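Following this note's numbering, the numbering of the sequence shown begins with 3 at its first residue and continues without gaps. Here's the structure, in structure tokens; my notes come after.
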Amino acid sequence: MVEKMSEIDFVKKLVFKIAEVGHQRKIMDSPSLADIEPFRHFFDRNGNLKYDELNSMDGAWTRREILARFLLLSVVLDQGPDIPGVRDFLKNVTNALYRKEIRIFHRSLDFFRELNISIDEILDKHNSVKKLRAKIWAKLNNSNPSKYNLFFAQSPRGIISINQVLDYGIHRWGVPLCVPLLLEKDLGEKESTQPFVEYLESFESSEIMSKELKNHERYGLGSAIGNKACHLFVKWYIHTFSLSSKKEDGWSKWSFEVPFDSNAGRVLFRAGFFTSFADLEDYEDWEVIQKGKGKGKTHYIRVTNIRGKKVQKDIEDEKIIENYNNVVLNHLKIRKKPPTKLEIQQIPNTILLNSKFGIGDFDDGLIYIGTKFCFNHEKPDCKNCPLKDLCLSKNKKPELIKNYRT
Ligand code: SF4
């Protein structure tokens, strides 16, 4: 099937198939907000968020503001090694703190004012999650349960485990809690019921907002957050929980880039998306492929290095070029003039533009396929994978599975 199509037709089919899979599975890869005790009344009996009440007040702030604050902390912690464990951990700490009237999303300062209790709860709930998750995590990751640790820091090699709760608590919990706190303090005489939401929505596009989440000189999270997490926040804000009140193109479902992580990268590499736009040698030059640096002497794929890389092959499809210009100028809003070359990570936006699918659907599909079928070892479950009829590795180049890891 792969051979009979032109390269760009193949990529279009692949992107639409992934988005369709994701569309059917919305909400799977996100924190379960309805399980957080202080947010329970934001949801109806069926667990659906009451959207018409998002602007209702909950204490001093709107519900939209409170949920956005929670998602910011959540996305920072989500960079840890065991996502289901991280989500239980955050839920349990939040519930325990609120039961003690330490209302960290309503009054960020409570976290610091009662720092001894905040730190005790972080330690206590980390231990309980470790008891429940360590063995499962160790089996999935071919590791030892004693190594289970959700406390992490950034290093030049990526995320590393740390033991110091204060480092973790202040850097990973404290910094995202300080963003709304500082915005609140900066209001001065001005009144607002959702200063964090107003800050987020003050940017021309959600893509620009994702960049400023990390880089803004006053409110940016800096090393407390990675690029992927910034894009994941936007995905949750726009697609998963539909918190955005903006309607313009800069806040559309094509207005942010895919949050590239190792699952997404592995599926796109094996399925043939990346090799449709550049050769393996290009990826080696860009250090996306790092020869011999993967597990068991395989080649390591560092997906984050794809960001900003240009398409190296000719794309003779006028509609794609037209859509691409529309995406970068009007949706991502990251350029003022049409670019001369296309960037690889913006191709899914281009293909899905004006369809019923958005980047959130596409990313949900990648996560579903990457975690349920396309395992990071030599024997992914290709037989049951939704991409089995299209996938380049399955149908033509099995060496892309055998020799590469993410
Ligand atoms: S068919 Fe196999 S290699 Fe291809 S995406 Fe699915 S699980 Fe991965």
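From the three backbone atoms N, C-alpha and C, an ideal C-beta is built for every residue, glycine too. This structure is a prediction, so every number in the text was calculated from the model and none was measured.
Quick one: what's A409 bridged to in DSSP?
Residue 409 lies beyond the stretch modelled for the chain, which goes from 3 to 408, so this question has no answer here.
Applying the 10 Å Cβ sphere with the 16-neighbour rule, what's the burial state of Q196? Counted from its first residue, the sequence shown places residue 196 at position 194. With 16 or more Cβ atoms within 10 Å of its Cβ, Q196 is classed as buried.
Next item on the list: Would you list the residues whose beta-carbon is nearer than 7 angstroms to any heavy atom of the ligand SF4, in the order they occur in the chain?
Entry: V269, R272, A273, I371, F375, C376, P382, D383, C384, C387, L389, K390, C393, S395, K396 and I403
TODO: Name the residue from Y201, K230, L234 and A231 whose alpha carbon lies nearest to the alpha carbon of H218.
DONE: Here residue 218 corresponds to residue number 216 of the sequence shown, with the count starting at 1. Nearest C-alpha to H218: Y201.
How is T352 classed by DSSP in three states: helix, strand or coil?
By one-based count along the sequence shown, residue 352 stands at place 350. Three-state DSSP puts T352 in a helix.
Exercise for review: Look at the Cβ atom of V95, then the Cβ atom of E67, and state whether they are nearer than 9 angstroms.
Suggested key: Taking the sequence shown and counting its residues from 1, one reaches residue 95 at position 93. Taking the sequence shown and counting its residues from 1, one reaches residue 67 at position 65. Cβ atoms of V95 and E67: not closer than 9 angstroms.
Original post:
Does the region 203-214 come within contact of the region 328-343, defined as at least 3 CB pairs closer than 8 angstroms?
Top reply: yes
Q.
Once the 5 residues before and after F45 are set aside, which same chain residues still bring their CB inside 7 angstroms of it?
A. Taking the sequence shown and counting its residues from 1, one reaches residue 45 at position 43. These residues qualify, in order along the chain: A36, L51 and K52.
Length of the line joining the Cα atoms of I353 and C393: Start at 1 with the first residue of the sequence shown, and residue 353 comes out as number 351. Start at 1 with the first residue of the sequence shown, and residue 393 comes out as number 391. In a straight line, the C-alpha of I353 is about 18 angstroms away from that of C393.
Alpha carbons only, please: which of D126, A62 and L69 is nearest the one belonging to R109?
For the purposes of this step, residue 109 is taken as the residue at position 107 of the sequence shown. Measuring from the Cα of R109, the nearest candidate turns out to be A62.
Taking 8 angstroms as the threshold, find out whether the region 166-181 comes into contact with the region 101-117 through three or more Cβ pairs.
yes
### Message
How far does the alpha helix (DSSP H) with H233 in it extend, from its first residue to its last?
### Response
Position 231 of the sequence shown, counting from 1, holds the residue named residue 233. Counting along the chain, the alpha helix (DSSP H) containing H233 begins and ends at N229 to V236.
Check your understanding: Cα separation between V236 and A70?
Key -> Position 234 of the sequence shown, counted from the start, is the residue given in the question as residue 236. Position 68 of the sequence shown, counted from the start, is the residue given in the question as residue 70. Going by the C-alpha atoms only, they are around 10 angstroms apart.
- Could you give the distance in angstroms between the alpha-carbon of V13 and the alpha-carbon of T277? Along the sequence shown, read from residue 1 onward, the residue named residue 13 stands at position 11. Along the sequence shown, read from residue 1 onward, the residue named residue 277 stands at position 275. Taking the straight line joining both Cα atoms gives about 10 angstroms.
For a quick check, are the C-beta atoms of F262 and H233 less than 9 angstroms apart? In the sequence shown, counting from the first residue as 1, residue 262 sits at position 260. In the sequence shown, counting from the first residue as 1, residue 233 sits at position 231. Cβ atoms of F262 and H233: closer than 9 angstroms.
_Close-in-space but distant-in-sequence residues of the same chain around S164 (CB under 7 angstroms, 5 per side omitted)_ = The residue given as residue 164 occupies position 162 in the sequence shown. For the sequence presented, residue 164 should be read as Ile rather than Ser. Same-chain partners within the cutoff: F153, F154, A155 and Y170.
*asked:* Can you list, in chain order, the residues of its chain with a C-beta nearer than 7 angstroms to that of L79? Leave out the 5 residues immediately preceding and following it.
replied: Working through the sequence shown from its first residue, we reach residue 79 at position 77. For L79, where only same-chain residues beyond five positions count, the Cβ hits under 7 angstroms are V88, L92 and R174.
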